[in-house]
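Structure, as structure tokens:
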Amino acid sequence: MILLAVPRLKRKQLNVWQLKEMMRKGGFPNLRKWQSNSETVIKEVPENQNLKVVQNDEEIKILGIQWNPKSDFFSFSVSLQEQKCAYSKREVLSEIARVFDPLGLLSPCIVFMKILLQELWKLNLEWDEPIPEDLNTQWAAFRKELHLIEKMKIPRCVLLPSYIQLEIHAFCDSSERAYCAAIYLKMYCIRVYQCLASYLKQELPPLKPQSLPRLELCAAFCCQCFTIEWCHVSGIENPADLGTRGLLPSQLLAHDQWIQGPLWLNQPMNEMSSYKIPETFSFPDNALKEKKSVVTCVAKIVPLPEFIDKISSFTKLVRVCAWILRFIKNSRSPVSRTFGYLKSSELHTAVVTIVRLIQQAEFPNEIKCLVQGNPLPKDNKLLPLNLFYDSEGVLRVGGRLSRNTRLSCDQKHPMFLPKNHEFTRKVINFYHITYLHAGPQRHCH
16 MILLAVPRLK RKQLNVWQLK EMMRKGGFPN LRKWQSNSET VIKEVPENQN LKVVQNDEEI
76 KILGIQWNPK SDFFSFSVSL QEQKCAYSKR EVLSEIARVF DPLGLLSPCI VFMKILLQEL
136 WKLNLEWDEP IPEDLNTQWA AFRKELHLIE KMKIPRCVLL PSYIQLEIHA FCDSSERAYC
196 AAIYLKMYCI RVYQCLASYL KQELPPLKPQ SLPRLELCAA FCCQCFTIEW CHVSGIENPA
256 DLGTRGLLPS QLLAHDQWIQ GPLWLNQPMN EMSSYKIPET FSFPDNALKE KKSVVTCVAK
316 IVPLPEFIDK ISSFTKLVRV CAWILRFIKN SRSPVSRTFG YLKSSELHTA VVTIVRLIQQ
376 AEFPNEIKCL VQGNPLPKDN KLLPLNLFYD SEGVLRVGGR LSRNTRLSCD QKHPMFLPKN
436 HEFTRKVINF YHITYLHAGP QRHCH
């Protein structure tokens, strides 16, 4: 689709020939359908083409919205499903997507729907789950009026044919829920002033809360390319304020300033001087004073059993612990940091660390005796195991296997684990799968 607007009839006729020649040079087929609000232009197209001359008040689609070539006005059409008592998030999103507004002409209504949709997103609802009653009431009230946007008639042409003076006025505003920019063209033509919207844009802030000054700057950023002199306008007379609050369709129809700008914008500049910032304007002394805030961070220490329960497998538990230990080591020694994949030595250290912490929680009395060099009490159930405390701070099992020089240290003196601990179950399950579901005798050896 090719859209073209020209001020004079002769220029239109010239452009018809230029378009056909350009398409021919590019190797494209001839343009098959022509539509114009001028029958003279249509006559410039060969009769053997598939033509469509617009008759009476027939409306055609252009950029997803309706255009009446005879009156040269844009309008909207909305098709909704049947009214319901309760709506789901899927149904709300489906009907919001039916309102197509590429030019931002319906921004106050669009932002109302976007804010509602953002509230639904924060609730983490399922797609077909009914939305809360308060939001359902808001949507039902808005949906009931949605057909009223078909009554909006917005002029397509924003420039007078023979204007003498042209001015650009940009408005911006922000609230905690949305920010908006609205730019208007003001034309002067033989004692007549006319102002129409030429650029309308609204956005919602991210879900993460933002300060209002930051959002005000975001709104001002949308106007920076058009602004030379900044002025202050009250919120009541600022059309961009409508795009930050959200309006019902009936309310938007009652606000002519959204399309035409505030009333005083249609006056000569000498009558608007009261809206300029005076040259002697100055900020108060504390306006730019830096404010410092003290932030206190409280770290929650997760108990070891809870930490182990949250991780599904022995392998993942060891690797998570290894990454934590590497982070601690790199933080303490920034000069000699370790990068890349985890090493076997780091995985071994992670296993030893986990076992040591479990033993300190489960066998504090036994460890205290062995560290002090005292034997375990005679009535202690662990006495037959000949436990000893190794150089890594881990309880290991002694016995006659220490005389076998062919076995490794872990085979001769395995680490001692509590019987009913979650970590012990993860270790057994790991080796049970590793040895292809072998029996308990295989695990013992």
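In the working numbering, the protein residues as written are 16 to 460.
Don't be surprised by glycine CBs; every beta carbon is placed ideally from N, CA and C.
In this text, all values refer to a predicted model and were calculated from it rather than measured experimentally.
Whole-angstrom C-beta distance between residue j and residue i, which should lie under 8 angstroms
| i | j | result |
| --- | --- | --- |
| residue 246 | residue 196 | About 15 angstroms; that fails the 8 angstroms criterion. |
| residue 119 | residue 217 | 7 angstroms |
| residue 111 | residue 219 | The pair is not a contact, with the Cβ atoms about 13 angstroms apart (cut-off 8 angstroms). |
| residue 160 | residue 92 | Not a contact, Cβ separation roughly 15 angstroms. |
| residue 150 | residue 134 | 6 angstroms |
| residue 259 | residue 190 | 4 angstroms |
| residue 376 | residue 336 | Not really, about 15 angstroms apart at Cβ, beyond 8 angstroms. |
| residue 94 | residue 113 | 6 angstroms |
| residue 445 | residue 330 | 7 angstroms |
| residue 138 | residue 194 | With 8 angstroms as the limit, residue 138 and residue 194 do not qualify as a contact, their Cβ atoms being about 23 angstroms apart. |
| residue 115 | residue 75 | With a Cβ gap of about 15 angstroms, residue 115 and residue 75 do not count as contacting. |
| residue 268 | residue 128 | Not really, about 17 angstroms apart at Cβ, beyond 8 angstroms. |
| residue 340 | residue 373 | That belief does not hold up - the Cβ atoms of residue 340 and residue 373 are roughly 16 angstroms apart, past 8 angstroms. |
| residue 441 | residue 328 | 6 angstroms |
Residue range of the beta strand (DSSP E) that includes residue i
| i | result |
| --- | --- |
| residue 464 | With the chain represented from 16 up to 460, any question about residue 464 goes unanswered, as that position is not in the structure. |
| residue 83 | 80–83 |
| residue 76 | 75–77 |
Start and end residues, alpha helix (DSSP H) containing residue i
| i | result |
| --- | --- |
| residue 182 | Residue 182 -> not in any alpha helix (DSSP H); beta strand (DSSP E) instead, spanning 180–189. |
| residue 441 | 437–449 |
| residue 277 | Careful: residue 277 lies outside any alpha helix (DSSP H) and carries neither H nor E. |
| residue 110 | 104–111 |
| residue 358 | Here residue 358 belongs to no alpha helix (DSSP H), and DSSP marks it neither H nor E. |
| residue 259 | 257–260 |
| residue 158 | 148–160 |
| residue 229 | 227–236 |
| residue 266 | 264–268 |
| residue 136 | 122–137 |
| residue 322 | 319–325 |
Beta-bridge pairing of residue i - partner residues as DSSP gives them
| i | result |
| --- | --- |
| residue 89 | 82, 169 |
| residue 211 | 200 |
| residue 430 | 411 |
| residue 344 | Note: residue 344 sits in no beta bridge, so no partner. |
| residue 145 | 103 |
| residue 217 | 195 |
| residue 378 | Residue 378 pairs with nothing; no bridge assigned. |
| residue 403 | 411 |
Close Cβ partners of residue i (< 8 angstroms) along its chain, the five nearest in sequence each way excluded
| i | result |
| --- | --- |
| residue 180 | 202, 203 |
| residue 99 | 106 |
| residue 232 | none |
Cβ-based neighbour list, residue i, same chain, cut-off 7 angstroms, excluding 5 preceding and 5 following
| i | result |
| --- | --- |
| residue 323 | 332, 437, 438 |
| residue 385 | 402, 403, 404 |
| residue 256 | 188, 250 |
| residue 63 | Low confidence applies here, because residue 63 scores a pLDDT of 47, under 50, leaving its location unreliable and the question unanswered by this model. |
| residue 326 | 332, 335 |
| residue 316 | none |
| residue 344 | 353 |
| residue 169 | 88, 89, 120, 274 |
| residue 213 | 173, 198, 199, 200 |
Sequence-distant residues of its chain with Cβ nearer than 6 angstroms to residue i (five each side left out)
| i | result |
| --- | --- |
| residue 370 | 409, 430 |
| residue 443 | none |
| residue 295 | Residue confidence is low: residue 295 scores 46 on pLDDT, short of 50, so the model does not pin down where it sits. No coordinate-derived value is stated. |
| residue 288 | With a pLDDT of 48 at residue 288, under the threshold of 50, the modelled position of this residue cannot be trusted, and the question is left open. |
| residue 449 | none |
Closer than 7 angstroms: residue i CB and nearest the ligand ZN heavy atom
| i | result |
| --- | --- |
| residue 449 | With respect to the ligand ZN, the structure offers nothing, as it holds no ligand at all. |
Worksheet item: With contact counted as at least three CB pairs below 8 angstroms, one residue from each stretch, are the segment 342–353 and the segment 380–391 in contact?
Response: no
Worksheet item: Does the count of Cβ pairs from the segment 263–283 and the segment 120–130 closer than 8 angstroms reach three?
Response: yes
Worksheet item: Touching or not, the segment 424–432 and the segment 447–455, by the rule of three or more beta carbon pairs under 8 angstroms?
Response: no
Item to complete: Decide yes or no for the touch test of the segment 103–120 against the segment 141–161: beta carbon pairs closer than 8 angstroms, at least 3 of them.
Response: yes
Item to complete: Count the CB pairs spanning the segment 409–418 and the segment 376–385 that are closer than 8 angstroms, and state whether there are at least three.
Response: yes
Worksheet item: Can you find at least 3 beta carbon pairs, one from the segment 244–259 and one from the segment 270–277, that sit closer than 8 angstroms?
Response: yes
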